[in-house]
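*Asks:* First the structure, which I've put down as structure tokens, then a few questions once you've had a look.
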Ligand code: SAM
Ligand code: SF4
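Residue numbers (my numbering): 14 to 351.
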């Protein structure tokens, strides 16, 4: 049975959703996420797989029912399937309701079936373009056929797939309907993500240059389809609409809008054990000392988690409305896993 939610923040929101980044490394270098030459963390900084297990299990014992594994690219972390296999025990006990991951799809041809065997039912695959040249350009190191194979492997393994596409001005505007049709044909869910101002080497002009408002994207969809807004509330920044003609559900993630903070149910852990209680704020706390220095007991870790939840802010500071990217984040998205 799920545990009673015990992680209640100062604004009476129950934290039931944990996103954990298991590595800062990746086999791609997407332009909006990483610089081409990244310096990654030394291995000893990373939580070991056993530490990740202890960390996630502590959250689950405190009432977290949904766990999403992310990165960097989670499937390039050596031994990561062992972690998924270990987390299955929480699904089997009923404490965890959902175990999922966000991946670039490059390794799915190898791991899709094993993920399904571990109880993963739904996965998010990031794909912004169906054009092989554009794909190579935006991911720098990625190759499209590998990801398309990954999508097929996931479907074959019986996983429900959601495609996440970052909306980038002047890049995939012309593929709006191609992406929608691709998903309709393969019966994939589709979500568009507004590009966020992350990373220290993107200057303001570049950030604003990439920004394609999802309101505009939605208006363009409406030139071809009727869209019915759905009021599914996931506690996150996604809003959903249904394409009346096809029945397809399309999500719109607008992390820059404030309208979801009231129902925010999530926190993020980085691969070094820092907890970020709000994606849009710099504030974090390091849970690793409480974890690493107390191998006999989880009590200090649980106390540190509660202390961190007590600092969860009411909302975030992003604001593009004044044509200036206030509240920009200097950390990379791969640090907190999106
Ligand atoms: N490597 C995996 C992947 O690409 O799905 C998981 C980690 S990635 C950081 C998680 C998500 O963040 C991806 O869907 C990616 O497109 C998105 N993302 C990365 N940088 C972003 C940015 N600056 N703005 C909005 N979304 C971003
Ligand atoms: Fe890697 Fe995902 Fe970032 Fe792309 S978005 S560089 S695939 S972590």
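Think of the CB as a built atom: it goes at the ideal place given N, C-alpha and C, for glycine as much as any other residue. Just so we're clear, the structure is a prediction, and the values are computed from it rather than from any experiment.
Can you determine whether any heavy atom of the ligand SF4 sits closer than 7 angstroms to the C-beta of residue 47, and answer yes or no?
*Replies:* Taking the chain shown and counting its residues from 1, one reaches residue 47 at position 34. Yes.
*Asks:* Per DSSP, what are the beta-bridge partners of residue 116 in this structure?
*Replies:* The residue you call residue 116 lines up with position 103 of the chain shown. Note: residue 116 sits in a beta bridge opposite 138.
*Asks:* Nearest to residue 130 by alpha carbon, out of 207, 204, 100, 259?
*Replies:* On the chain shown, residue 130 is found 117 positions in, with the first residue counted as 1. Nearest Cα to residue 130 within the set 207, 204, 100, 259: 100.
*Asks:* Alpha carbon to alpha carbon, how far is residue 243 from residue 224?
*Replies:* For this step, residue 243 is matched to residue 230 along the chain shown. For this step, residue 224 is matched to residue 211 along the chain shown. When rounded, the distance between both Cα atoms is 25 angstroms.
*Asks:* State yes or no: is the C-beta of residue 72 within less than 8 angstroms of the C-beta of residue 318?
*Replies:* Working through the chain shown from its first residue, we reach residue 72 at position 59. Working through the chain shown from its first residue, we reach residue 318 at position 305. In contact: residue 72 and residue 318 (Cβ atoms closer than 8 angstroms).
*Asks:* Can you check whether the CB of residue 179 is closer than 8 angstroms to the CB of residue 289?
*Replies:* To locate residue 289, count along the chain shown from 1; it is residue 276. To locate residue 179, count along the chain shown from 1; it is residue 166. Taking 8 angstroms as the Cβ cut-off, residue 289 and residue 179 do not qualify as a contacting pair.
*Asks:* What is the DSSP secondary structure of residue 265, counted as helix, strand or coil?
*Replies:* For the purposes of this step, residue 265 is taken as residue 252 along the chain shown, with counting starting at 1. Three-state result, residue 265: strand.
*Asks:* Give me the Cα-Cα distance between residue 228 and residue 310, rounded to the nearest whole angstrom.
*Replies:* Indexing the chain shown from 1 puts residue 228 at position 215. Indexing the chain shown from 1 puts residue 310 at position 297. Cα to Cα, residue 228 sits roughly 49 angstroms from residue 310.
*Asks:* For residue 208, count neighbouring Cβ atoms within 10 angstroms of its own Cβ and tell me buried if that reaches 16, exposed if not.
*Replies:* Here the question's residue 208 lines up with position 195 in the chain shown. Label assigned to residue 208: buried.
*Asks:* Does the Cβ-Cβ distance between residue 175 and residue 204 come in under 8 angstroms?
*Replies:* Residue 175 sits at position 162 when you count from the first residue of the chain shown. Residue 204 sits at position 191 when you count from the first residue of the chain shown. Cβ atoms of residue 175 and residue 204: closer than 8 angstroms.
*Asks:* Pull up the DSSP beta-bridge partners for residue 377, would you.
*Replies:* The structure shown does not extend to residue 377, since the chain spans only 14 to 351, so no value can be given for it.
*Asks:* Figure out for me which residue from 17, 40, 64, 48 has the closest Cα to the Cα of residue 285.
*Replies:* In the chain shown, counting from the first residue as 1, residue 285 sits at position 272. Cα-wise, what sits closest to residue 285 is 64.
*Asks:* With the cut-off set at 8 angstroms, would you say residue 254 and residue 266 are in Cβ contact?
*Replies:* The sequence position of residue 254 within the chain shown is 241, counting from 1. The sequence position of residue 266 within the chain shown is 253, counting from 1. Against a cut-off of 8 angstroms, the Cβ pair of residue 266 and residue 254 comes out as no contact.
*Asks:* So residue 253 is in the beta strand (DSSP E); what residue range does that whole segment cover?
*Replies:* Within the chain shown, residue 253 is the residue found at index 240, counting from 1. Residues 251-256.
*Asks:* Verify the contact flag: residue 139, CB atom, against every heavy atom of the ligand SF4, threshold strictly below 7 angstroms.
*Replies:* Walking along the chain shown from the start, residue 139 turns up at place 126. Correct: residue 139 has its Cβ closer than 7 angstroms to the ligand SF4.
*Asks:* Return the CA-CA distance between residue 76 and residue 169, expressed in angstroms with no decimal places.
*Replies:* The residue labelled residue 76 in the question sits at position 63 within the chain shown. The residue labelled residue 169 in the question sits at position 156 within the chain shown. So the alpha carbons of these two residues sit roughly 32 angstroms apart.
*Asks:* With H, G and I counted as helix, E and B as strand and the rest as coil, what does DSSP make of residue 45?
*Replies:* In the chain shown, residue 45 corresponds to position 32, counting from 1. DSSP places residue 45 in coil when its eight states are reduced to three.
*Asks:* Under 8 angstroms between the Cβ atoms of residue 113 and residue 160?
*Replies:* The residue given as residue 113 occupies position 100 in the chain shown. The residue given as residue 160 occupies position 147 in the chain shown. It is not a contact, given that the beta carbons lie outside the stated cut-off.
*Asks:* State the DSSP-derived secondary structure class of residue 195, mapped to helix, strand or coil.
*Replies:* Your numbering for residue 195 matches position 182 in the chain shown. Residue state, collapsed to three classes: helix.
*Asks:* Quick one: residues in its chain with C-beta nearer than 7 angstroms to the C-beta of residue 148, no 5 flanking neighbours on either side, listed in chain order?
*Replies:* Stepping through the chain shown from its first residue, residue 148 is reached at position 135. Closer than 7 angstroms at the Cβ level, and outside the excluded window around residue 148, lie 142, 155, 157.
*Asks:* Below 8 angstroms between beta carbons: does that hold for residue 116 and residue 138?
*Replies:* As a first step, residue 116 must be located in the chain shown, where it is residue number 103. As a first step, residue 138 must be located in the chain shown, where it is residue number 125. Yes, they are a contact pair.
*Asks:* Give the secondary structure of residue 40 by DSSP, where H, G and I count as helix, E and B as strand, and everything else as coil.
*Replies:* Working through the chain shown from its first residue, we reach residue 40 at position 27. If DSSP states are grouped into helix, strand and coil, residue 40 belongs with coil.
*Asks:* Between the Cα of residue 79 and those of 37, 133, 57, spot the shortest distance and give me the residue it belongs to.
*Replies:* Numbered from its first residue, the chain shown carries residue 79 at position 66. Looking at the Cα atoms, 133 is the closest of the given residues.
*Asks:* With 16 as the cutoff for other CB atoms within 10 Å, does residue 283 come out buried or exposed?
*Replies:* In the chain shown, the residue the question calls residue 283 occupies position 270. Classification of residue 283: buried, given that the 10 Å Cβ count is 16 or more.
*Asks:* For residue 176, write down the residues that DSSP places opposite it in a beta bridge.
*Replies:* Start at 1 with the first residue of the chain shown, and residue 176 comes out as number 163. Paired residue(s): 138, 203.
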